[in-house]
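Residue numbers (my numbering), protein chains in the order written: chain A, 374 to 1008; chain B, 2 to 278; chain C, 407 to 456.
Data block below; observations after.
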Amino acid sequence: MNERSLSNRPAQSSILKHWHHFIWIVVATLLLSTGLIQAAEDADTLSRISPVGIVQVEGEPAIEKRVVATMKVETAEPIVAPKPSRSDYPDIGVSSRAVVWILAQLHLFFAALVLAVPLFVLTIELLGVYTGDERYDSMAYEFMKISLTGFSITAIFGGSLALALFVLYPDFMGYMMHVFGAQVLVYAILFFLESFFLYTYYYGWNAFRYGNLKWVHLSLGLMLNASGLTIMVVANSWATFMMAPSGVNEVGAVVGNIWEIMKGPLWNPINLHRFIANIAFGGAVVGAYAAFKFLSTNDQEKRAHYDWMGYTSNFIAILAFLPLPFAGYWLMAEIYAYSQQMGITAMGGILAWLFIVQAVLIGTILLAGNFYLWAGMSRTDGSDRYKGLIKFIAAVLVVCFLIWVTPHTLILSASEISLLGGSHHHILGPLGIMPAKNIAVNLMLVATFLSFQLYRRSDKVATVSWAPMGNALMVAIYVVAIVNIIFLGVYYGYFTNTVYKVGSSVAQVASTLVVIIAGIIIDTLMFKHAKTLPSHWGRIPDRAQYALFALPIAFTWLMGLMGYVRSSVKTHWHVYTVMKDNSPDNFIPTIAYAGNMITIVTVLFLLCVLFMFWVANLSSTRQAKPAAADAGGVV
Amino acid sequence: MMVLLKILGFSLALTLLFTFVTYLLPQVEGEAPVDKEVDLSSLTMDDFITLGEDLFNNKGTCTLCHKPAPLGRAPDIQGTDMVALSSERLADERYQGKAQDAADYLLESMLDPSRYVVATWGKKGTNDSESPMPAIDKAPIALSKIEMNAIIAYLQAKDGNDVTVSLPSPEDVASVVSADEKTVAAATLPAPAASLEEALGKYACGSCHAMESADTLVGPGLVDVGSRLSKDEIRQSIVDPNAVIAEGFPAAMPADFAARMTVKELDMIVAYLVEKK
Amino acid sequence: MQTKNSSSILSMLVSLIISFVIVLAFFYGLDHFVMSIQGLPLSLNLSPAG
């Protein structure tokens, strides 16, 4: 992304590109060297007697050398995945899984935040360089300032998580350490690199503010992002190894090099999905900061600033959120391809109910995002033209939302619940191909885009001569696309066979994409030299800010939920098919238990974030010098 | 401060709302499969069939896919007379397997699901040549031979057909007890034998070679092998048995000992045989 | 005033009708295209063919 936006400035960008390449070369070399070391070690451990295969004359001695060479390495035997029994798991009185769950989730929340923030901070900083508008630069710096403590919090939770894992799951961690070996060192080195770039980037902000020094600063930001992302993909490989191990054989003995271990079938889908989701999550969290600052001041200038900051954060969050379903689809498809059983456990088995909760959360996010856009229309004078449409969009969203969260069977009888026993059930079909829900989801996306489009139009008046034709075209596209989405869902979903039902969902998504793409193209052309109506930052009702709190809460909860699903599809395995989980917690808990856990981590995260914001504000607060004793006569 | 409280209240209320949704949904725990202790010596056929049904519904995770249309992702087994269906399948010209009867066919389908894929149920894009079903004797399901037989018994009995699989014999039981180690051994490099006895047992030398006499079992007796062959020749005969074959014997000795034995094991065996004079 | 208003309404109607015709044709083609690349051909009245 950074490279693309830079391409208009070849002179400077080449420096950046080289830096960019440089960091990747460093990282790749490090990874490669550990890979080689590891491969060499493995090769040694695994060498057995190679078949001789030489026909010899009777009585002639065999070649002694070969035997001597192989005998030397005999001492090490191949390490297979351990098979701990229940008593091998330390019992600390409380559920070990719960402890690790909380620490891991908090670590991941903060990791997601501190990986995402530098990414869009760098983008905003670049935007500032481009436009020459200092406000962007100040806002980027402010985003950085408020998330700075997050890096330390991430490290603290990361350390606690590692400690908890080593203490509570010693056999499992021993095995993981054996498999990943020296890669852990690379991780540590990356961590130091990231800290270095973080502090130089943040504390150097004002020192390297203009001219060529600004490009040095941007390079620091780029390397901060590069090291951060590398840390993420390295850590992701541990999670994906547990879900879909590669580079080991059926009993867990290492047979591949570190690269083969890392590059499992789910690694890249998880990398992409986490990358996008982190941006949405980070945007939502800093948006809450802006909303809080907006609400706690009456100074119009400050309100304008924080309104703008909140709007930008919301924009980042929603923009990153929209492609997320596609990344999720890819991940799910890869899970099915890796193991149909695992895919069904997630989507059709006991965990399938969680996707109803997911629907509630995504619905909340969409409703909050739309509501914020509608409320934001009051900033502009030209929005009256579109306000009449809002109630229809709202109605469509609510109806679709209700359809989406309706399970197959609304009321479950006791016998139906008993039928659910085990890891399968007969009630909930594959949610993904349900025609009614597909209609609902696509219409919600179309409605959200309409809100967005109206918002973007609200401060502009088209001046091109073909504007009426363009509007007519846009209306026609919306109407026909909506009709098409409903027709596809109803006709192929209920009146033809299953194959066409599945196929029609692709055509529905295509219709939605046509609306979005056509909308962007038409509006870009139509409003090129449009007359701009005055826009008043800060003129937004207070209640709109609550949408900016609903977003991070829903995002946090959603992350906790989907992370739980991701981890649980392994069922009773530490490392799927390779190392069984024999701990007392090797079962899938009830949905309410999971809900409680997710709520606990969400609330803890909320408190930690408040602390982070509070610390950020401390730095700009200066205590007044205590007045002399005569001030109030209290002393 | 008021603002802060309001925000906290709002956030908390929203969080609790999400939590509340999870309370509305059915509360089911997904237990990890527990290895049930079944006393195989006093097992009746009825027990065996019940065991099979339990395995089919739980540990085997069969019903994850094999369920009635339209929810099934694989043919509906419980709603079909599988014995009658098996004879149809065996008569199908697409059938390429080796099974002769229903029990064989069912076992084959569990061990090697791609051997015969029911039309339209194959993996997408393979034109029904590859099955999406995992091999049932491998991880993550990893049923034992006895367990698979129990499932076959259940599938035969549920539609009133005769059960043709037999109850597990003591040998089967023993094989299940060591099944864990066996699958490990087959899959990879097992833990090296610590003693000579273990090494000889592990590679089953005694099943073909008489150790304490010159009698011929499959291969030559080894009681005096140390006087006939040098240390290196013995080593070579094990590592590459077909290089020099004792006169009059077939090339029957496994050629993969080189890949399976550790150097230490080989040394122990060779040292033992060299002393046999 | 009256005539101008009605003519602008007329031109708006015309552009709407033209737009709808174009867009309908486009989505009709889109449905055929998207379904057929998945190996699910449609007949002219959009019912499953083959």
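Built from N, CA and C at the ideal position, the CB exists for glycine as well.
- Using a Cβ distance threshold of 7 Å, Y155 of chain B and I78 of chain B do not count as a contacting pair.
- No Cβ of chain B is located within less than 7 Å of the beta carbon of W703 of chain A.
- Taking C-beta atoms as the reference points, I913 of chain A and R758 of chain A fail to come closer than 7 Å.
- Per DSSP, reduced to three states, the secondary structure at L230 of chain B is coil, with no helix or strand assignment.
- For L416 of chain C, no chain A residue has a C-beta closer than 8 Å to its own C-beta; the minimum C-beta separation is roughly 12 Å.
- Around L422 of chain C, the beta-carbon contacts reaching into chain A at under 8 Å are A845, V848 and A849.
- As computed with DSSP, K833 of chain A is found in a beta bridge with A:T905.
- Shortest Cα-Cα distance from M899 of chain A to any of A:K874, A:G843 and A:F868 involves A:G843.
- At a beta-carbon threshold of 7 Å, the residues of chain A lying near L430 of chain C are V853, ordered along the chain.
- Identification of residues in the stretch 984–1003 of chain A having a C-beta nearer than 8 Å to some C-beta of chain B yields an empty set.
- Interface criterion met: the Cβ of Y24 of chain B is under 7 Å from a Cβ in chain A.
- The bridge partners DSSP lists for H67 of chain B are B:A75.
- Partner residues in a beta bridge of M517 of chain A, as assigned by DSSP, do not exist.
- Neighbours of P447 of chain C across chain A, judged by C-beta separation under 9 Å, do not exist; the nearest C-beta is about 10 Å away.
- Out of A:Q478, A:A854 and A:M605, the CA that lies nearest to the CA of M932 of chain A is found in A:Q478.
- When the Cα atoms are used, S525 of chain A and L499 of chain A turn out to be separated by approximately 26 Å.
- The count of Cβ pairs closer than 8 Å, one atom from the stretch 555–565 of chain A and one from the stretch 504–524 of chain A, stays below three, leaving the stretches out of contact.
- Under the Cβ distance rule, S442 of chain C does not count among the residues neighbouring chain A, no pair being separated by less than 7 Å.
- With respect to chain A, the C-beta atom of V84 of chain B has no partner C-beta closer than 7 Å.
- The C-beta distance from P457 of chain A to N955 of chain A rounds to 6 Å, short enough to meet the 8 Å contact threshold.
- With fewer than 16 other Cβ atoms inside 10 Å of its own Cβ, Q101 of chain B counts as exposed.
- Taking 7 Å as the threshold, the shortest C-beta distance from F57 of chain B to chain A does not fall below it.
- Under DSSP, P454 of chain C shares a beta bridge with C:L448.
- Separation of the CB atoms of P638 of chain A and Y949 of chain A is rounded to 11 Å, and the pair is thereby denied contact status at 8 Å.
- Rounded to whole angstroms, the separation of the alpha carbons of V974 of chain A and T16 of chain B is 11 Å.
- Sequence-ordered contacts of the stretch 918–949 of chain A with chain C are nonexistent [C-beta pairs closer than 8 Å].
- Taking a Cβ-Cβ threshold of 9 Å, the residues of chain B close to V733 of chain A are L18, F19 and V22, in chain order.
- Under the 10 Å beta carbon count, I890 of chain A is surrounded by fewer than 16 other beta carbons and is classified as exposed.
- Here L924 of chain A is near A741 of chain A, since their CB atoms are less than 7 Å apart.
- Under the Cβ distance rule, L486 of chain A does not count among the residues neighbouring chain B, no pair being separated by less than 7 Å.
- Using a Cβ distance threshold of 7 Å, L422 of chain C and A845 of chain A count as a contacting pair.
- Look at the stretch 655–674 of chain A: the residues with a C-beta under 9 Å from a C-beta of chain B are A661, A664, F665, L668 and S669.
- DSSP places T753 of chain A within a strand segment (E or B) once states are collapsed to three.
- Chain A places no beta carbon closer than 7 Å to that of P255 of chain B, leaving this residue out of the contacts.
- Around the C-beta of S600 of chain A, 16 or more other C-beta atoms lie within 10 Å, and the residue is accordingly described as buried.
- By the neighbour-count criterion, in which 16 or more other beta carbons inside 10 Å mark a residue as buried, T994 of chain A falls on the exposed side.
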